[in-house]
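2 protein chains.
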Amino acid sequence: MSLSPVAKEMSIPVIKTACSNCNLRELCLPFGLSEEEMARLDELINVRKRVKRGEHLYRAGQPFESIFAIRSGFFKTDVLLEDGRDQVTGFQMAGELLGLDGISTEQHSCNAVALEDSEVCHIPFSRLEQLSREIQTLQHHFHKVMSREIVRDHGVMMLLGTMRAEERLAAFLLNLSQRFTARGFSHSEFNLRMTREEIGSYLGLKLETVSRAFSRFQEEGLIAVQQKHIRILDIPGLKQIMSHHNH
Amino acid sequence: MSLSPVAKEMSIPVIKTACSNCNLRELCLPFGLSEEEMARLDELINVRKRVKRGEHLYRAGQPFESIFAIRSGFFKTDVLLEDGRDQVTGFQMAGELLGLDGISTEQHSCNAVALEDSEVCHIPFSRLEQLSREIQTLQHHFHKVMSREIVRDHGVMMLLGTMRAEERLAAFLLNLSQRFTARGFSHSEFNLRMTREEIGSYLGLKLETVSRAFSRFQEEGLIAVQQKHIRILDIPGLKQIMSHHNH
DNA sequence: CCTTGCGGTTGACATGGATCAAACCCCCCG
DNA sequence: CGGGGGGTTTGATCCATGTCAACCGCAAGG
Numbered sequence: 001m002s003l004s005p006v007a008k009e010m011s012i013p014v015i016k017t018a019c020s021n022c023n024l025r026e027l028c029l030p031f032g033l034s035e036e037e038m039a040r041l042d043e044l045i046n047v048r049k050r051v052k053r054g055e056h057l058y059r060a061g062q063p064f065e066s067i068f069a070i071r072s073g074f075f076k077t078d079v080l081l082e083d084g085r086d087q088v089t090g091f092q093m094a095g096e097l098l099g100l101d102g103i104s105t106e107q108h109s110c111n112a113v114a115l116e117d118s119e120v121c122h123i124p125f126s127r128l129e130q131l132s133r134e135i136q137t138l139q140h141h142f143h144k145v146m147s148r149e150i151v152r153d154h155g156v157m158m159l160l161g162t163m164r165a166e167e168r169l170a171a172f173l174l175n176l177s178q179r180f181t182a183r184g185f186s187h188s189e190f191n192l193r194m195t196r197e198e199i200g201s202y203l204g205l206k207l208e209t210v211s212r213a214f215s216r217f218q219e220e221g222l223i224a225v226q227q228k229h230i231r232i233l234d235i236p237g238l239k240q241i242m243s244h245h246n247h
Numbered sequence: 248m249s250l251s252p253v254a255k256e257m258s259i260p261v262i263k264t265a266c267s268n269c270n271l272r273e274l275c276l277p278f279g280l281s282e283e284e285m286a287r288l289d290e291l292i293n294v295r296k297r298v299k300r301g302e303h304l305y306r307a308g309q310p311f312e313s314i315f316a317i318r319s320g321f322f323k324t325d326v327l328l329e330d331g332r333d334q335v336t337g338f339q340m341a342g343e344l345l346g347l348d349g350i351s352t353e354q355h356s357c358n359a360v361a362l363e364d365s366e367v368c369h370i371p372f373s374r375l376e377q378l379s380r381e382i383q384t385l386q387h388h389f390h391k392v393m394s395r396e397i398v399r400d401h402g403v404m405m406l407l408g409t410m411r412a413e414e415r416l417a418a419f420l421l422n423l424s425q426r427f428t429a430r431g432f433s434h435s436e437f438n439l440r441m442t443r444e445e446i447g448s449y450l451g452l453k454l455e456t457v458s459r460a461f462s463r464f465q466e467e468g469l470i471a472v473q474q475k476h477i478r479i480l481d482i483p484g485l486k487q488i489m490s491h492h493n494h
């Protein structure tokens with residue numbers, strides 16, 4: 001029996017799993033499925049993997065076979081250009097899917113790296129397609145998830161194309177806050193899992209600029225920063241900064 | 248019988264169509280389908296609309312019911328933020344799909360505007376889902392198209408996040424050239440359908456910067472510009488500019 | 001307890017692209 | 001044929017962010 005290239009390279013342990021009793025089912029793929037349908041999804045998603053902080057879940061260029069649902073933890077995806085430039089294209093948290101970019105060419109087009117010890121559910125894509133031919137709700141929900149990814153990317157393009165540094169960071173913090181809230185965590189207090197450099201890469205800024213913007217927000221009483229620990233003190237204030245287009 | 252809101256507002260004429268004899272079928276949704284499968288797709292895609300230059304195919308906020316395949320012509324999509332900022336999120340040409348962003352919320356999330364007189368095929372989305380539950384090839388191809396859109400967006404994020412003005416414009420021209428080539432047009436000579444301002448919006452630059460970059464490319468003998476008419480003289484040169492990261 | 005190193009902060013300065021302004025060109029229309 | 005307007009080009013100047021460099025502070029390991 002041969003391990004997949006991914007598992008071989010990274011030696012990622014494997015665990016049994018079940019959507020039907022996963023507390024993320026309202027955020028993740030099973031959303032909207034009946035008991036019976038979810039049981040069928042369970043048959044398909046029966047492998048869970050641990051990915052330790054710093055490990056790659058997959059790398060650009062590897063053959064695409066599965067998408068992954070994050071069960072716990074935190075990831076970044078990034079793209080590397082031939083000339084050495086790279087950029088973080090997203091940060092993903094529990095309940096979100098990883099690997100959708102690989103469908104188009106049957107190869108992953110970016111790297112996915114765990115920013116903290118994480119667990120993912122392994123979803124063989126051809127079996128997901130098969131099941132979504134049989135379960136309309138699943139099919140439609142999957143299409144919505146892919147579409148949401150496109151809309152999200154448009155938002156990032158907007159941010160990169162039209163916003164200044166502080167606006168970008170405010171947008172970033174508000175987005176994180178909102179996603180933590182949706183997962184039942186505090187909306188006003190959390191730990192960043194990524195470095196200033198990774199934030200900068202995602203926002204199209206240098207790490208010094210990110211750091212300065214954090215300091216400025218703190219001076220203005222909008223947030224309290226201590227290393228990676230963030231407390232958001234003034235959400236309306238951040239929102240105002242985000243849309244303070246009148247230079 | 249009542250017209251759809253779109254048709255009512257824009258009064259877009261309606262024509263019969265067929266994928267099976269469309270010369271774009273190798274680029275568009277029918278890719279990879281058998282004769283018989285294509286015939287079934289034809290049943291679904293039986294309405295073609297003309298959209299005149301400057302008209303909206305759809306607007307952000309309108310209910311989403313269909314996606315559109317461009318049969319001929321040229322479109323831009325753009326997003327408008329509450330604070331007045333807007334950005335072009337893409338330019339689409341024949342054989343490409345419009346409207347995928349609307350699946351996620353059942354509402355279009357951007358505006359689609361024709362940049363020249365165009366024709367689109369109207370594809371009712373729920374019927375497409377139905378058919379793709381029956382035809383595996385279609386289903387898989389549709390997923391690939393959505394995924395390709397995500398990958399494309401990552402490319403734009405890369406461009407906006409890490410490239411300087413001339414690199415962005417070089418990348419833009421090379422991309423256009425390559426897409427024209429794939430459609431059987433000259434790869435070295437074409438007319439831009441969009442203004443400098445629209446290019447700038449897409450690339451996260453001001454129109455003056457775009458104009459200056461065009462002039463510079465011309466001085467350097469990389470291209471010949473005359474208004475909207477572009478002749479690409481030195482593709483390797485443009486590629487080199489694009490990846491000239493060593494500031 | 002000290003060392004080492006990585007990530008973060010802060011300051012001084014450089015610069016690419018934005019901004020403001022003027023002029024130009026092409027096309028349309030009277 | 002002349003005027004007008006949108007789009008484009010070009011120049012002068014400004015400023016946000018990048019760049020370079022020093023320093024700080026926490027955490028891991030000897």
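Chains as they are written, first to last, in my numbering: chain P, 1 to 247; chain A, 248 to 494.
We put the CB at the ideal spot given by N, CA and C, even for glycine.
Remember, it's a predicted structure, so these values are computed and weren't measured experimentally.
By the criterion of Cβ-Cβ separation under 8 Å, what are the contact partners of residue i in chain P?
i	result
A/H243	One cannot answer for residue 243 of chain A here, as it falls past the ends of chain A, which runs 248 to 494.
A/M441	Those do not exist, as A/M441 stays about 15 Å from chain P at its closest Cβ, beyond 8 Å.
A/Q487	The premise fails here: A/Q487 is roughly 10 Å from chain P at the closest Cβ pair, so nothing lies under 8 Å.
Below 7 Å CB to CB, which residues in the same chain sit around residue i once its five sequence neighbours on both sides are set aside?
i	result
A/Q334	D325, V326, S448
P/M194	K76, F91, L115
A/P277	C266, M285, L288
A/T384	G279, L280, E284
A/A254	Residue placement at A/A254 is flagged as unreliable, the pLDDT there being 44, under the threshold of 50; the coordinate-derived value follows with that caveat. Correct list: empty, nothing qualifies.
A/E396	L347
A/I317	Q339, M340, A341, G342, E343, L345, S365, V367
According to DSSP, is residue i helix, strand or coil?
i	result
P/C19	helix
P/H108	coil
A/T442	coil
P/P236	helix
P/G221	coil
P/I241	helix
P/F172	helix
A/I292	coil
P/M93	strand
A/R374	helix
A/F278	coil
P/A69	strand
Using the Cα positions of residue i and residue j, report the straight-line distance between them to the nearest angstrom.
i	j	result
P/D101	P/E167	28 Å
P/R297	P/E36	The requested residue 297 of chain P is not part of the displayed model; chain P covers only 1 to 247.
P/G99	P/F68	6 Å
A/L452	A/R459	11 Å
P/S126	P/C110	20 Å
P/S186	P/H229	13 Å
A/P310	P/G84	43 Å
P/G155	A/G431	33 Å
A/G301	A/R443	16 Å
P/Q130	A/I382	11 Å
P/T105	P/M163	32 Å
P/F172	P/F214	12 Å
P/R231	A/M404	28 Å
P/L203	A/L407	10 Å
P/R216	P/S66	43 Å
A/Q425	P/Q227	46 Å
Residue i: which of the options sits nearest, CA to CA?
i	options	result
A/L375	A/S365, A/Q386, A/V367	A/Q386
P/L222	P/I241, P/R71, P/A112, P/E106	P/I241
A/H369	A/E290, A/Q474, A/L450, A/L485	A/E290
A/L274	A/E343, A/V298, A/L328, A/K296	A/E343
A/G484	A/V392, A/A417, A/L378	A/A417
A/I292	A/N270, A/E302, A/V367, A/F437	A/V367
P/V113	P/S104, P/M93, P/L131	P/M93
By the criterion of Cβ-Cβ separation under 8 Å, what are the contact partners of residue i in chain A?
i	result
P/V151	D348, S351, T352, S356
Could you name the residues of chain P that residue i contacts, counting a contact when the two beta carbons are closer than 7 Å?
i	result
A/G279	Near A/G279 there are no residues of chain P at all, since even the closest Cβ is about 14 Å away, more than 7 Å.
A/V326	H154, M158
Please work out which residues of its chain come closer than 6 Å, Cβ to Cβ, to residue i, disregarding the five sequence neighbours upstream and downstream, and give them in chain order.
i	result
P/H108	Y58, A60, Q62, F64, G102
P/L81	none
A/V457	R443, I446, G447
Can you pull the chain A neighbours of residue i, defined as C-beta to C-beta under 9 Å?
i	result
P/E82	S490
P/H250	The question about residue 250 of chain P has no answer here: the residues shown for chain P are numbered 1 through 247.
P/Q136	E376, Q377, R380
Can you pull the chain P residues whose beta carbon is under 9 Å from the beta carbon of residue i, in chain order?
i	result
A/Q425	Those do not exist, as A/Q425 stays about 16 Å from chain P at its closest Cβ, beyond 9 Å.
A/G451	M157, L160, G161, T162, G204
A/T456	The contacting residues do not exist; A/T456 stays about 13 Å from chain P at best.
Tell me whether residue i, by its Cβ, gets closer than 7 Å to a heavy atom of the ligand HEM.
i	result
P/S132	This structure does not include the ligand HEM; it has no bound ligands of any sort.
Using a cut-off of 7 Å between C-beta atoms, extract the partners of residue i located in chain A.
i	result
P/T89	H401, M404
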